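The opening residue of the sequence shown carries number 129 in this note's numbering; numbering runs sequentially from there.
Below is one structure; the comments refer to it alone.
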Amino acid sequence: MRLRALLETEALGLRLLGGDDELDRGVRGVMTTDLRDPSRYLSGGELVLTGLAWRHTAADSEPFVRILASAQVAGLAAGEAELGDIPGDLVEACLRHRLPLFAVNESVAFATITEYVVRQVSGERAGDLAAVVDRHRRLMTSGPAGGGPEVVLDLLGSDLDLRAWVLSPTGRQIAGAGDPLPGAVSATLAGEHLAATRTGRRGPHRATVGGVTYSLFPIRNTGRGAAPAASRDVRETVLSDWLLAVEADASDWPAARLDLLQGVTQLISVERDRREAARTVRRRLAQEVLELVQTGAAPAEIAARLRVAAPVLLPGLGAAPHWQVVVARVEWGDAVSGAAGAAGIPGTSGTSDTAVEAGPVAQSLLEEILVDPAAAGPDSADRIAVAHGGDEAIALVPLPAVDVDPDAPEAGSFDAGLHADALLLSVREPLSAGLADDGRLTLGVSAAVSSAEGLRGALEEARHARRVAAARPGRVCAAGHHELASHVLLLPFVPDDVRRAFTARLLDPLRDYDRRHRAELIPTLEAFLDCDGSWTRCATRLHLHVNTLRYRVGRIEQLTSRDLSRLEDKLDFFLALRMS
């Protein structure tokens, strides 16, 4: 704003005493002082308000005005309440230094002038910033020349004095201006945001952490594949959307400033969509490898695909790495109620909602979880390749070789890899808030394997570990390969042809009989083994008379030429059911 505008505002009670040819000076701020030398607090462009308490003699005016002029302030406004008329020596000093001088009527408080100037300057800065944001948006939508989210966050700090950070759903910092947020603070903010979003509240959401107030703005997915916001179930996006955390209370902001911040989130969403598109190649690689693994492709074919994937996920890697498999599953509604009820989780909803496609949610979530929480920025996710099918997401994680002493016995060893418990240390709290009362996340982590032949076993090992996690209480649970029982650990590594022959010999006669007669021999066999061969307990579980149960077991023994009173035959049936 200009000094002329202040003079023309009658409510401010300003009277010009000198400097009428300098009234087009811009005002960038306001400062009230009665210090003899306020230079350390001046940055230029201020309207200085003073009550003249610093003036004891006429000789004091010259050095005071000289200091203000050297600091390139916009003008000086002196109050008439202390001395009445403004001293002539001050008027003359201002004329010599070409510093505009105003008299402030004793009926007008300095606070009134300060509030007016701050309001006007902030509004003009917001308008200038909006223009910059719009220009930056055009740059980013046409290419990477805009510089990323950091540039617009720097603008918020320099032009609006707002500290801001872009956070992932788990609280990992993606971008920020100035010092990063402490990990505990960012995780708490992410949890507050997810919880508020799940209740249906519209942003920005207000949160206070450690006595500091933050406003949380959602950054929506606006890419080509995104459905209209009105048609999306919040559960499809809540665990994948970024958020903008601003260190300020936006509850009393004017509409213009809120609109500006919404524009900032839209700008950042452009970068988010670009980085989401960059994941497509890695996702496709994972999908191709896992399809080969699950369809029983030849190891040589899988190995060839892995050689293609390794340079993409680990650029510059000389040799093929070791690999780990991580399986994640997100469940909503009734699926959670049953599992959670069995695990003793209170507060689960009993509603069923099959409209939420959980596979993509699990995919985005697993991509986030696998990033090192201490790594800022998006590039740390470049090693992560995640596919999804149904409600399940599967990650193929390469483990680079560790740099060790070449003369040491362990030279050439590989990174020890991911550990189930460590994956959830920093994300459990915010994700639990996002899952609320009707969602659940379970993860399983395999051991590391060094060849294509081992991937099938690693995948099944990770799936078994996830089932172990699903049996535990809690909204977010994980289990690793080391937690599996011995037979579960061995089964995934049984060759496919042996597996098929073994299960077919024992179970195919029972399946054929069940198809023809609806006899439920397979469910009966599973229940009988689960009850450790107890006739009474098994009959009670199946709601059968004991004689009916004995007839079914006899039929199983007749069709398979096995004896379910023998431990060896019980064990064979148990393993066949586990491998089928």
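We put the beta carbon where it would ideally sit given N, CA and C, even for glycine.
A quick note: this is a predicted structure, and the numbers were derived from the prediction, not measured.
Could you tell me which of the options sits nearest to residue i, measuring between CA atoms?
{"i": "Leu420", "options": "Val409, Ala432 and Ala139", "result": "Ala432"}
{"i": "Arg633", "options": "Arg568, His673 and Ala704", "result": "Ala704"}
{"i": "Leu527", "options": "Val514, Val453 and Ala590", "result": "Val453"}
{"i": "Ala187", "options": "Glu174, Ala181, Leu218 and Ala199", "result": "Leu218"}
{"i": "Gly154", "options": "Ala521, Arg194, Ala383 and Pro228", "result": "Pro228"}
{"i": "Arg457", "options": "Leu441, Glu190, Gly487 and Pro439", "result": "Gly487"}
{"i": "Ser314", "options": "Leu284, Leu372 and Val280", "result": "Leu372"}
{"i": "Ile214", "options": "Ser286, Gln200 and Val232", "result": "Val232"}
{"i": "Ala197", "options": "Ser171, Ala181 and Leu180", "result": "Ser171"}
{"i": "Arg168", "options": "Ile195, Asp149, Asp361 and Leu177", "result": "Ile195"}
{"i": "Leu283", "options": "Ala523, Leu175 and Gly306", "result": "Gly306"}
{"i": "Gly517", "options": "Arg326, Arg412 and Arg600", "result": "Arg412"}
{"i": "Arg678", "options": "Leu649, Phe702, Leu695 and Asp700", "result": "Leu649"}
{"i": "Arg568", "options": "Glu611, Glu520, His547 and Ala580", "result": "Glu520"}
{"i": "Phe238", "options": "Pro332, Met159 and Glu278", "result": "Met159"}
{"i": "Asp709", "options": "Thr336, Arg164, Arg694 and Val294", "result": "Coverage of the chain is limited to positions 129 through 708, which leaves residue 709 absent and any answer about it impossible."}
{"i": "Ala548", "options": "Ala561, Val525 and Ser574", "result": "Ser574"}
Can you give me the start and stop residues for the alpha helix (DSSP H) that residue i sits inside?
{"i": "Val381", "result": "Per the sequence shown, residue 381 should be read as Trp rather than Val. Element bounds for Trp381: n/a, residue is neither H nor E."}
{"i": "Arg644", "result": "Asp624 to His645"}
{"i": "Val674", "result": "Val674 to Thr688"}
{"i": "Thr316", "result": "Gly311 to Arg326"}
{"i": "Pro526", "result": "Careful: Pro526 lies outside any alpha helix (DSSP H), inside the beta strand (DSSP E) at Glu520 to Leu527."}
{"i": "Gly212", "result": "That residue, Gly212, is in no alpha helix (DSSP H); it is neither H nor E in DSSP."}
{"i": "Gly487", "result": "Ala486 to Ile497"}
Which of helix, strand or coil does DSSP assign to residue i?
{"i": "Ser554", "result": "coil"}
{"i": "Trp460", "result": "strand"}
{"i": "Cys659", "result": "coil"}
{"i": "Arg130", "result": "strand"}
{"i": "Val392", "result": "helix"}
{"i": "Gly207", "result": "strand"}
{"i": "Leu140", "result": "helix"}
{"i": "Ile347", "result": "strand"}
{"i": "Leu223", "result": "helix"}
{"i": "Arg300", "result": "coil"}
{"i": "Pro166", "result": "coil"}
{"i": "Arg352", "result": "Residue placement at Arg352 is flagged as unreliable, the pLDDT there being 44, under the threshold of 50; a coordinate-derived value is accordingly withheld."}
{"i": "Glu648", "result": "coil"}
{"i": "Val201", "result": "coil"}
{"i": "Gly274", "result": "A caution first: Gly274 carries a pLDDT of 48, below 50, which makes its placement in the model unreliable, though a value can still be read off. Correct three-state label for Gly274: helix."}
{"i": "Arg433", "result": "helix"}
{"i": "Thr178", "result": "strand"}
{"i": "Ala598", "result": "helix"}
{"i": "Leu151", "result": "coil"}
{"i": "Leu699", "result": "helix"}
{"i": "Leu367", "result": "coil"}
{"i": "Leu692", "result": "coil"}
{"i": "Leu670", "result": "helix"}
{"i": "Val280", "result": "helix"}
{"i": "Leu559", "result": "helix"}
{"i": "Val455", "result": "strand"}
What residues in its chain sit with their C-beta under 6 Å from that of residue i, if we drop five residues either side in the sequence?
{"i": "Val374", "result": "Leu290, Ala292 and Ser343"}
{"i": "Val697", "result": "According to the sequence provided, residue 697 is Asp. The question's Val does not apply to it. Arg690 and Asp691, listed in sequence order."}
{"i": "Cys659", "result": "Arg665 and Cys666"}
{"i": "Arg627", "result": "Met707"}
{"i": "Thr393", "result": "Phe345, Ile347 and Leu372"}
Apart from the five residues just before and just after residue i, which ones in its own chain have a Cβ nearer than 8 Å to its Cβ?
{"i": "Pro637", "result": "Leu687 and Thr688"}
{"i": "Pro537", "result": "A caution first: Pro537 carries a pLDDT of 41, below 50, which makes its placement in the model too unreliable to give a value."}
{"i": "Asp162", "result": "Thr178, Gly179, Leu180, Ala181 and Trp182"}
{"i": "Thr137", "result": "Tyr244"}
What is the residue span of the beta strand (DSSP E) that residue i lies within?
{"i": "Ala292", "result": "Ala292 to Leu295"}
{"i": "Leu371", "result": "Trp370 to Val374"}
{"i": "Val232", "result": "Leu229 to Val232"}
{"i": "Gly567", "result": "Gly567 to Val573"}
{"i": "Val514", "result": "Ala513 to Gly517"}
{"i": "Arg334", "result": "His333 to Val337"}
{"i": "Ala606", "result": "Val604 to Gly608"}
{"i": "Gly157", "result": "Gly157 to Thr160"}
Excluding five sequence neighbours on each side, which residues of the same chain lie with their C-beta closer than 7 Å to the C-beta of residue i?
{"i": "Arg556", "result": "Val604"}
{"i": "Leu223", "result": "Gly146"}
{"i": "Glu416", "result": "Arg433"}
{"i": "Ala324", "result": "His333"}
{"i": "Gly141", "result": "Val232, Asn233, Ser235 and Val236"}
{"i": "Leu494", "result": "Val454, Ala456, Val514, Ala521 and Ala523"}
{"i": "Gln248", "result": "Met129"}
{"i": "Asp165", "result": "Ile195"}
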